[in-house]
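Before any comments, here is the structure.
There are 2 protein chains.
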Amino acid sequence: MATPRYLEIKQQLLDEINGKPVNSPIASERELAIRFDASRMTVRNAVNELVEEGVLYRDKNKGTFVADRKLIKKNLTSELLQEHDAMDFSVIYFSVKKAEEMAPYLEIKETDYMLRVVRVNKINHRPLSVEEVYFIRSLVSDDEINHLKELLNLNSYIEQGTVTQRFHPMIVPAQYANQLKIKITTPIIMAESTIRSKNGKPLVYIKTFYNPFEKTIEITS
Amino acid sequence: MATPRYLEIKQQLLDEINGKPVNSPIASERELAIRFDASRMTVRNAVNELVEEGVLYRDKNKGTFVADRKLIKKNLTSELLQEHDAMDFSVIYFSVKKAEEMAPYLEIKETDYMLRVVRVNKINHRPLSVEEVYFIRSLVSDDEINHLKELLNLNSYIEQGTVTQRFHPMIVPAQYANQLKIKITTPIIMAESTIRSKNGKPLVYIKTFYNPFEKTIEITS
DNA sequence: CAGTGGTCTAGACCACGCT
DNA sequence: GCGTGGTCTAGACCACTGG
């Protein structure tokens, strides 16, 4: 069982959906089961995931239909990821220091060490956001510190954890106005994000200062 | 089949989870199947929903565990709902008029009519937010207009639709600073929300101006 | 009436973790 | 080797829709 059958079916459906107009029906679960030579429950598992993701929707006693692209679910987690291939970042600051006032966010002692990285995220050389990323020093190997670029690709943390985000309005901090290339009186949104492992322990804490002219925060659920 | 078996099991599990410490294991799917005299797939369906909601998490080859309450998923949709029993609102403006500049948001013609309601949401008499709610006139019956309180409880729309929200930083509009009881220079977050039916048609469009001192926008996913 | 999704059963084999 | 969740089968009945 290299890749499960239902994931193959899901991918196949996804490919076919791309050529279909919005609100058009897909084949019934029984038909799909015959076509893919699988049991109905296996097909259903594939369809369930697509419904869950907002790619399809079901109408009871009627059928399953292609959803509008506008309705595909977006959780904000993706903001943290490099969703655009064109996105890039440069690290402008980096240090290992005692947690002190950040200790409560990482749920460690004030005297424990953390890794603090400040970066500017860019797309086509335009600044999207300034991000302060805080890691727990003891969870990061020396080797990882020497490969910051990969460490700051937070996917591995996000995939196996849960992300909580809080949004705060503010005037752009003076030291970041320049980085974001906006006026010092500009109102912005700052997002506080905590990535936690499944057992609830914080792994990473992030403050993101968004450039409102380059990035709109959007979620669909 | 009054209520499906798996929903009964889900509720029973939910009740039991309330008495359990975070990260403690629940019984295995096979044990639960015996206990509830149901097939494993039925039990699994119940557990799946709880995992999906973030109440439980699974560790492959190990078991299923009680998740941290912090990790229970929150989509922002709930901001629009009256999640707190103590929450209340007063309508401060209400009219039926041509859509004009709002037409694109509701995807109707500029000369079509809409229902515009402005309300202040409060909790313990403190102003949480000012909300402009726009309905498509032709989708609202005369009877519903006479029962604004119920119409503005948007649950029925949200349950059967999809919600997209965009967040914008700004200085509080002068006319709302007073309603929110904040200074006229305060940076706030304004959320634009569109509720769409499954076929993608807009049903309701909402602009929410949040009082940053009373309400923090938070999501967990 | 035929067809749909929603629910349910009673089995099965797999990969993997732990002891 | 045993127990776990992950996947899968080949059926079944239900409530509901639409022709």
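These protein sequence lines map, in sequence, to chains F and E.
Take 117 as the starting number for the first sequence in this note's numbering and just add one per residue.
Take 117 as the starting number for the second sequence in this note's numbering and just add one per residue.
Even for Gly, the Cβ is constructed at its ideal location relative to N, Cα and C.
For clarity, every value in this text was computed on a predicted model and none was experimentally measured.
Per-residue DSSP class, three states only, for residue i
i: Glu334 of chain F; result: strand
i: Glu382 of chain F; result: This structure leaves residue 382 of chain F out entirely; chain F is present only between 117 and 337.
i: Ile133 of chain E; result: helix
i: Lys176 of chain E; result: coil
i: Glu216 of chain E; result: helix
i: Gln291 of chain F; result: helix
i: Leu105 of chain F; result: Nothing in the structure corresponds to residue 105 of chain F, since chain F is present only between 117 and 337.
i: Gln128 of chain E; result: helix
i: Asp339 of chain F; result: Residue 339 of chain F lies beyond the residue range present for chain F, which begins at 117 and ends at 337; the question has no answer from this structure.
i: Ser140 of chain F; result: coil
i: Leu268 of chain F; result: coil
i: Ser254 of chain F; result: helix
Option in the options with minimal Cα separation from residue i
i: Glu168 of chain E; options: E:Lys214, E:Lys190 and E:Ser245; result: E:Lys190
i: Asp184 of chain F; options: F:Leu192, F:Ser194, F:Gly170 and F:Lys178; result: F:Gly170
i: Arg312 of chain F; options: F:Glu223, F:Ala290 and F:Asn134; result: F:Glu223
i: Tyr326 of chain F; options: F:Asn294, F:Tyr250 and F:Ser211; result: F:Asn294
i: Ser245 of chain E; options: E:Asp259, E:Glu195, E:Glu147 and E:His263; result: E:Glu195
i: Arg160 of chain F; options: F:Asn139, F:Asn134, F:Asp131 and F:Ile125; result: F:Ile125
i: Ser140 of chain F; options: F:Phe181, F:Arg151 and F:Leu231; result: F:Phe181
i: Glu334 of chain F; options: F:Ser206, F:Ile188, F:Lys297 and F:Leu270; result: F:Ile188
i: Ala219 of chain E; options: E:Arg151, E:Val138 and E:Asp228; result: E:Asp228
i: Lys265 of chain F; options: F:Asn164, F:Lys323, F:Ser206 and F:Asn315; result: F:Ser206
i: Lys331 of chain E; options: F:Phe283, F:Phe152 and F:Leu270; result: F:Phe283
i: Glu308 of chain F; options: F:Asp131, F:Val320, F:Lys186 and F:Leu129; result: F:Val320
i: Ser337 of chain F; options: E:Leu267, E:Thr310 and E:Thr302; result: E:Thr310
i: Ile252 of chain E; options: E:Ile322, E:Gln128 and E:Leu166; result: E:Ile322
i: Lys317 of chain F; options: F:Pro285, F:Gln276, F:Leu296 and F:Val212; result: F:Gln276
i: Phe210 of chain F; options: F:Glu226, F:Lys225 and F:Val233; result: F:Val233
i: Phe152 of chain E; options: E:Tyr122, E:His263, E:Lys178 and E:Pro285; result: E:Tyr122
i: Ser254 of chain E; options: E:Lys299, E:Ala215 and E:Lys178; result: E:Ala215
i: Glu145 of chain E; options: E:Gln127, E:Ile133 and E:Gly179; result: E:Gly179
i: Ser272 of chain E; options: E:Val256, E:Met286 and E:Asn262; result: E:Val256
i: Leu296 of chain E; options: E:Ile208, E:Leu172 and E:Asp258; result: E:Ile208
i: Ala172 of chain F; options: E:Glu147, E:Thr278, E:Leu129 and E:Tyr221; result: For the sequence presented, residue 172 of chain F should be read as Leu rather than Ala. Selected option, being the one with the closest Cα: E:Thr278.
Presumed contact (8 Å Cβ cut-off) between residue i and residue j, rounded CB distance
i: Ile304 of chain E; j: Val288 of chain E; result: 5 Å
i: Lys238 of chain F; j: Asp204 of chain F; result: 5 Å
i: Ser155 of chain F; j: Ala149 of chain F; result: 6 Å
i: Arg236 of chain E; j: Pro243 of chain E; result: The sequence shown places Val at residue 236 of chain E, rather than the Arg named in the question. That pair is a contact at about 5 Å.
i: Asn164 of chain E; j: Ala202 of chain E; result: Not quite, the Cβ-Cβ distance comes to about 33 Å (not below 8 Å), so this is no contact.
i: Pro328 of chain E; j: Thr301 of chain E; result: Pro328 of chain E to Thr301 of chain E, Cβ: 12 Å. No contact.
i: Leu267 of chain E; j: Glu260 of chain E; result: 5 Å
i: Glu247 of chain E; j: Thr324 of chain E; result: 5 Å
i: Ile274 of chain E; j: Thr193 of chain E; result: 6 Å
i: Thr119 of chain F; j: Lys186 of chain E; result: Thr119 of chain F to Lys186 of chain E, Cβ: 33 Å. No contact.
i: Leu231 of chain F; j: Val212 of chain F; result: 5 Å
i: Pro285 of chain E; j: Pro285 of chain F; result: 5 Å
Between the region 297 to 308 of chain E and chain F, which residues of the former have CB atoms less than 7 Å from a CB of the latter, in chain order? Pro303, Ile304 and Ile305
In chain order, which continuous runs of the beta strand (DSSP E) of length 3 or greater are located wholly inside the region 293 to 325 of chain F? 303 to 313
Can you pull out the residues from the region 280 to 298 of chain E whose beta carbon lies closer than 8 Å to at least one beta carbon of chain F? Thr280, Gln281, Arg282, Phe283, His284, Pro285, Met286 and Ile287
Chain-ordered residues of the region 158 to 177 of chain F with a beta carbon less than 8 Å from chain E | Glu168, Gly170, Tyr173 and Asp175
Mind checking the region 258 to 279 of chain E against chain F and listing, in chain order, the residues whose C-beta falls within less than 8 Å of any C-beta there?
-> Thr278 and Val279
- Message: For the region 128 to 159 of chain E, list every residue whose C-beta sits within 9 Å of some C-beta in chain F, in sequence order.
- Response: Val138, Asn139 and Met157
_Contiguous beta strand (DSSP E) assignments of at least 3 residues, all confined to the region 143 to 199 of chain E_ = 172 to 175 and 179 to 182
Check: Between the region 211 to 230 of chain F and chain E, which residues of the former have a C-beta closer than 9 Å to a C-beta of the latter?
Finding: none
Inset, instruction - Pull out every residue of the region 184 to 195 of chain E whose Cβ sits closer than 7 Å to any Cβ of chain F, in chain order. - result: Asp184, Lys186, Leu187, Asn191, Leu192 and Thr193
query: What residues from the region 309 to 332 of chain E come within 7 Å of chain F, judged by C-beta to C-beta, listed N to C?
result: Arg312, Lys314, Asn315, Gly316, Pro328 and Thr332
**Item:** Contact set between the region 239 to 255 of chain F and chain E, restricted to residues whose Cβ is under 7 Å from the partner
**Value:** none
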